[in-house]
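Asks: After the structure tokens below, expect a handful of questions from me.
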Amino acid sequence: MYDIITIGSATRDVFLISHALHPHKTKDALTHIEACLPFGAKINVDSIHFDTGGGATNNAVTFTRLGKLKTATLCRIGNDSAGNDIKQILKHSKVDTSLIQTARKELTAYSAILSPGGEIGERTILVYRGASRTIEHAKIPWQQLQTHWFYISSLAGDLALLKNILAHAQKIGAQVAFNPGGQELTKLYPPLRLRGGWEGLLQSLAFLILNREEATRLTGEKFNNTRGLLRAAARYGHNVILTDGPKGAYAATRGVILSEPRKPSGRVEGSRTNMRAYYIPSVGHKPKNLTGAGDAFGSGFLTGWLKSKGDIKEALCVGSYNADSVVQHFGAKVGILKNYPSKNQLHKLPIREIKL
97 MYDIITIGSA
107 TRDVFLISHA
117 LHPHKTKDAL
127 THIEACLPFG
137 AKINVDSIHF
147 DTGGGATNNA
157 VTFTRLGKLK
167 TATLCRIGND
177 SAGNDIKQIL
187 KHSKVDTSLI
197 QTARKELTAY
207 SAILSPGGEI
217 GERTILVYRG
227 ASRTIEHAKI
237 PWQQLQTHWF
247 YISSLAGDLA
257 LLKNILAHAQ
267 KIGAQVAFNP
277 GGQELTKLYP
287 PLRLRGGWEG
297 LLQSLAFLIL
307 NREEATRLTG
317 EKFNNTRGLL
327 RAAARYGHNV
337 ILTDGPKGAY
347 AATRGVILSE
357 PRKPSGRVEG
367 SRTNMRAYYI
377 PSVGHKPKNL
387 TGAGDAFGSG
397 FLTGWLKSKG
407 DIKEALCVGS
417 YNADSVVQHF
427 GAKVGILKNY
437 PSKNQLHKLP
447 IREIKL
């Protein structure tokens, strides 16, 4: 029996840091910052860093390294050197790799992350999805997926797989945390598409984890309407985590008093009539690169939730410290915390309850 199984993508990442990338403000880009590269030019790269990424592997390493939890990961790689690197790093981090699928004809997913360096922290990611484009349903050993928790990240839009995982979790009495990717959000919105069983399945989630852009896409609420985003997203999960980059993060519970210890079974229980919400600021350090920040916060949050036996404030703090550490490095795994935050650290970040 595992404590947690992570499901999602696995990638080989290369970070290319070039001071020749000159960011400038624009209204057209999502982050309002862009950098243009001329065709025909050779652009100098000042430094290069290799790592592995993908939601399934990033989250798994947080659970083993920070949480010391018995963790396995379900993802798909190619039969190549990049796939072998991913496996070796996971094994070194004490993640069980027995559930990983290996594609015969597809290469391991690969990401090239372009960054100007300095204190901007933003980046552009070029992604070849390769073997991570799909997890083969027929090759999933469902009988071996015995766990207390599932942590699901991007499934490349495979809603059939998502439905099967949620059904399996209900069958074995496991809890589910879900951090959807862009392709899942596209297929789940507008809300009319959530009919026909989807809304009920998503309401079985213990945690729905989104950043502000993802919450906007899922709910159709306005980007800057934090309370509206939290209320709308809470329709699809018992508890919603909303990350907001350097501004911090929010947690909302729809009918569950998160500060109370969880039941011995590990299930999140409670009525559906109450709603409470909390805000935590970021730790505040200037980021070197934002790649992996969302994974670090979400998996750090759940680690804190499990270790504290359901203390929402402690969980928010652990997520914040883990994300802050990750963005101080190039690579989504290098900065994952090895030690649980001290009591002084846990009381250092001011958390306040907000009205919805």
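Just so you know, we're using the numbering used here here: the sequence shown kicks off at 97 and counts up by one.
The beta-carbon is built from N, C-alpha and C at its ideal position, and this holds for glycine as well.
Computed from a predicted model, the values in this text were never measured in an experiment.
1. Would you report the Cα separation of L222 and T349, rounded to the nearest angstrom?
2. V336: buried (16+ other C-beta within 10 angstroms of its C-beta) or exposed?
3. Look up Y417 in the DSSP assignment and say whether it is helix, strand or coil.
4. Give the secondary structure of G316 by DSSP, where H, G and I count as helix, E and B as strand, and everything else as coil.
5. Just grab the DSSP bridge partners of R331 for me.
6. Suppose you measure from the CA of K403 to the CA of F159; what does that come to, to the nearest Å?
7. Out of L165, A302, S416, state which residue places its alpha-carbon closest to the alpha-carbon of D391.
8. Is R108 helix, strand or coil by DSSP?
9. Using a 10 Å radius around the Cβ and a threshold of 16 neighbouring Cβ atoms, would you call P212 buried or exposed?
10. Using three-state DSSP, classify A345 as helix, strand or coil.
11. According to DSSP, simplified to helix, strand and coil, what is L338?
12. Within a Cβ cutoff of 8 Å, which residues of the same chain sit near T282, ignoring the five residues on either side of it in sequence?
13. Taking 8 Å as the cut-off, decide whether the C-beta atoms of L306 and I376 are in contact.
14. Name the one or two DSSP bridge partners that I376 has.
15. Beta carbon of A273, beta carbon of A302: below 8 Å?
Replies: With the given structure in hand:
1. For the purposes of this step, residue 222 is taken as residue 126 along the sequence shown, with counting starting at 1. For the purposes of this step, residue 349 is taken as residue 253 along the sequence shown, with counting starting at 1. Cα-Cα distance, rounded: 35 Å.
2. Position 240 of the sequence shown, counted from the start, is the residue given in the question as residue 336. Burial call: buried.
3. Translated into positions along the sequence shown, residue 417 becomes position 321. It is helical.
4. One-based indexing of the sequence shown puts residue 316 at position 220. Correct three-state label for G316: coil.
5. Position 235 of the sequence shown, counting from 1, holds the residue named residue 331. Per DSSP, none; premise fails for R331.
6. Residue 403 sits at position 307 when you count from the first residue of the sequence shown. Residue 159 sits at position 63 when you count from the first residue of the sequence shown. Taking the straight line joining both Cα atoms gives about 11 Å.
7. Along the sequence shown, one-based indexing puts residue 391 at 295. The option with the nearest alpha carbon to D391 is S416.
8. Position 12 of the sequence shown holds residue 108. Strand, per DSSP.
9. Residue numbering aside, residue 212 sits at position 116 when the sequence shown is read from its first letter. Answer is buried; the Cβ neighbour count reaches 16.
10. Taking the first residue of the sequence shown as 1, we reach residue 345 at position 249. Three-state result, A345: strand.
11. For the purposes of this step, residue 338 is identified with residue 242 of the sequence shown, where counting begins at 1. Looking at L338 - three-state DSSP - the assignment turns out to be strand.
12. Along the sequence shown, read from residue 1 onward, the residue named residue 282 stands at position 186. Taken in chain order, the residues that qualify are G253, R313.
13. By 1-based counting over the sequence shown, the position of residue 306 is 210. By 1-based counting over the sequence shown, the position of residue 376 is 280. Contact flag unset, no.
14. For the purposes of this step, residue 376 is taken as residue 280 along the sequence shown, with counting starting at 1. Note: I376 sits in a beta bridge opposite A345.
15. What you label residue 273 is simply residue 177 of the sequence shown in a count that begins at 1. What you label residue 302 is simply residue 206 of the sequence shown in a count that begins at 1. A contact, by the Cβ cut-off of 8 Å.
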